[in-house]
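Number of protein chains: 2
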Amino acid sequence: MNFTGEPSTSHGVVERRFDVDGERETVPGIVWTPEASTGPRPLVLVGHGGGGNKRMPYVLSLARRLVRHAGYAVVAIDGVGHGDRASATRTADRGSGEGISRTFVADVAAAADAMTADWTVVLRELRELDDVGDGPLGYWGVSMGTMFGAPFVAATPEVRCAVLGLMGTLDDTNPWSTAAPAISCPVLFLVQLDDELVPTESALALFRSIGSQDKRLHAHPGAHAAVPAEEMEASEAFFATHLT
Amino acid sequence: MNFTGEPSTSHGVVERRFDVDGERETVPGIVWTPEASTGPRPLVLVGHGGGGNKRMPYVLSLARRLVRHAGYAVVAIDGVGHGDRASATRTADRGSGEGISRTFVADVAAAADAMTADWTVVLRELRELDDVGDGPLGYWGVSMGTMFGAPFVAATPEVRCAVLGLMGTLDDTNPWSTAAPAISCPVLFLVQLDDELVPTESALALFRSIGSQDKRLHAHPGAHAAVPAEEMEASEAFFATHLT
Numbered sequence: 031m032n033f034t035g036e037p038s039t040s041h042g043v044v045e046r047r048f049d050v051d052g053e054r055e056t057v058p059g060i061v062w063t064p065e066a067s068t069g070p071r072p073l074v075l076v077g078h079g080g081g082g083n084k085r086m087p088y089v090l091s092l093a094r095r096l097v098r099h100a101g102y103a104v105v106a107i108d109g110v111g112h113g114d115r116a117s118a119t120r121t122a123d124r125g126s127g128e129g130i131s132r133t134f135v136a137d138v139a140a141a142a143d144a145m146t147a148d149w150t151v152v153l154r155e156l157r158e159l160d161d162v163g164d165g166p167l168g169y170w171g172v173s174m175g176t177m178f179g180a181p182f183v184a185a186t187p188e189v190r191c192a193v194l195g196l197m198g199t200l201d202d203t204n205p206w207s208t209a210a211p212a213i214s215c216p217v218l219f220l221v222q223l224d225d226e227l228v229p230t231e232s233a234l235a236l237f238r239s240i241g242s243q244d245k246r247l248h249a250h251p252g253a254h255a256a257v258p259a260e261e262m263e264a265s266e267a268f269f270a271t272h273l274t
Numbered sequence: 031m032n033f034t035g036e037p038s039t040s041h042g043v044v045e046r047r048f049d050v051d052g053e054r055e056t057v058p059g060i061v062w063t064p065e066a067s068t069g070p071r072p073l074v075l076v077g078h079g080g081g082g083n084k085r086m087p088y089v090l091s092l093a094r095r096l097v098r099h100a101g102y103a104v105v106a107i108d109g110v111g112h113g114d115r116a117s118a119t120r121t122a123d124r125g126s127g128e129g130i131s132r133t134f135v136a137d138v139a140a141a142a143d144a145m146t147a148d149w150t151v152v153l154r155e156l157r158e159l160d161d162v163g164d165g166p167l168g169y170w171g172v173s174m175g176t177m178f179g180a181p182f183v184a185a186t187p188e189v190r191c192a193v194l195g196l197m198g199t200l201d202d203t204n205p206w207s208t209a210a211p212a213i214s215c216p217v218l219f220l221v222q223l224d225d226e227l228v229p230t231e232s233a234l235a236l237f238r239s240i241g242s243q244d245k246r247l248h249a250h251p252g253a254h255a256a257v258p259a260e261e262m263e264a265s266e267a268f269f270a271t272h273l274t
């Protein structure tokens, strides 16, 4: 893990950028920790949404919330093709009012194994940090954060709980639908009932297929990106139940 | 309001049985309040489920929780045809694995106006009690508690928030489906995804039709009666947000 640039601190939250050598390319990430902290603590991995990056507003907001309120460590990495990993030749067009783009779905599906490998190496290297250590592990990622996150969570038994959602089965052969039955940790699953990218029935099908006995679905009216702040509070409470 | 019998007290919760003169018959109820309390406080009306009564286990448990944790007053009344209002000639057969019984739906639908009138008179008389008074008002009722509750909530603007659920549109002409668009207070709506009485799509349709801008749906795997304790905690938090 190579830290890049100087750490910055905002209202008690230290932000450090890093690069890790991934399977196929460098993986850029950010880790947030409480100021002047030492010793192991709960760690939450945050997978950002399609077209976003490791420091998009809701990722930053969630990270700061979990560090300030709960004293956790939080990490985000750019998804394949996103943020500092974006290629010049492919835009991350995740879709429009006519639904999620087939090209986007195919791109994400093709990158799922690589992302699981990337998260795995990032996790291993984070465990070496004095102020992260070997604490309980959670995952938070909706939309593309679930497309990449469900396979990672299914493959990573040390994940104690996961917030997923804003995604559906779409078809039965994509990596997140295939992985869902192998997830066994407690899950909070978010749904937007007027989601222009993911039909409600498809989201329900994905939720139903998750293997976990302990799972709940929270749904709200509104579009894909209109998840209310209430669910950030619910996420925080959910992590508190399972990580602390 | 005629109190019947002596009050009983359990772990700080005073339980008083009463009768009120309803539109067509005597309405028996129970009010729970904190021991040695005076002055107005939030009041939650609890509508029990089909085949149950005003003191069925989850009603009693919810009432004690809200009194002990939050200091509210809580009231429940027997629904038409239930508890001390059960007639000898009609059993409250709410249905089986083959879905909700048509006879039950018809009976409840026919009694909805009477139940709104009953709740209205009970509410008016409760307001006279020293330890209830004119505090903020909430409603909690799922299954039959929604069949009777949605029309009451829609007709009662002083209800500040309502927990509803375990019910669907079933058809478009019943009183709860007709009333739902007129509900405008914040709503928490509970769904069981393996509900043997209410299909998920029907529950979603009822939730979508509720007029409130501020509404959320919490869904869990499991049968109609298997709502997890987590949703009692969520109900308590929801009331805390809107009543205190």
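From first to last, the protein sequence lines stand for chains A and B.
When we follow this note's numbering, the leftmost residue of the first sequence carries the number 31, and every step to the right adds one.
When we follow this note's numbering, the leftmost residue of the second sequence carries the number 31, and every step to the right adds one.
Heads up, the beta-carbon is just placed ideally off N, CA and C, and yes, glycines get one too.
Given the structure is predicted, the values throughout are model-derived calculations rather than measurements.
Between the C-alpha atoms of A/LEU227 and A/MET145 there is a straight-line separation of about 22 Å. Out of A/GLU65, A/PRO87 and A/VAL76, the CA that lies nearest to the CA of A/ALA255 is found in A/PRO87. Listed along chain B, the residues sitting closer than 7 Å to A/PRO251 by beta-carbon distance are LYS245. Taking 7 Å as the CB threshold, A/HIS248 lines the interface with chain B.
Note on A/ASN204: 16 or more other CB atoms within 10 angstroms of its CB, so buried under the neighbour-count rule. When DSSP states are grouped into helix, strand and coil, B/TYR169 belongs to the strand group.
Taking a Cβ-Cβ cut-off of 8 Å, the neighbours of B/GLU260 in chain A comprise ARG246, given in sequence order. The beta-bridge partner set that DSSP reports for B/ASP49 consists of B/ASN32 and B/PRO58. Rounded to the nearest whole angstrom, the C-alpha separation of B/THR150 and A/LYS84 is 54 Å. In the assembly as shown, A/ARG246 is a buried residue. Its beta-carbon has 16 or more other beta-carbons within 10 Å. Contact note: A/LEU223 reaches chain B through ARG238, using a C-beta cutoff of 7 Å and chain order. With fewer than 16 neighbouring CB atoms inside 10 Å of its own CB, B/PRO187 falls in the exposed class. Rounded to the nearest whole angstrom, the CA to CA distance from B/GLY195 to A/HIS250 is 14 Å. Within 10 angstroms of the beta-carbon of B/ARG132 lie fewer than 16 other beta-carbons, which makes it exposed. Secondary structure at A/PRO87: helix, using DSSP grouped into helix, strand and coil.
Counting along the chain, A/ARG246 sits inside no alpha helix (DSSP H); it lies in the beta strand (DSSP E) bounded by residues 245-250. The C-beta of A/HIS99 has fewer than 16 other C-beta atoms within 10 Å across all chains shown, which makes the residue exposed.
Residue environment analysis places A/PRO72 among the buried positions, since at least 16 neighbouring C-beta atoms fall within 10 angstroms of its C-beta. Residue ranges of uninterrupted alpha helix (DSSP H) with 4 or more members, entirely inside the region 203-261 of chain A and ordered along the chain, are 205-209 and 230-239. Distance between A/TRP62 and A/VAL217, taken at the CA atoms: about 23 Å. One Cα belongs to A/PHE219, the other to B/ASP244, and the distance between them is close to 19 Å. Taking each of B/TYR102, B/PHE134, B/VAL97 and B/MET31 in turn and checking the Cα distance to B/GLY111, the smallest one comes out for B/PHE134.
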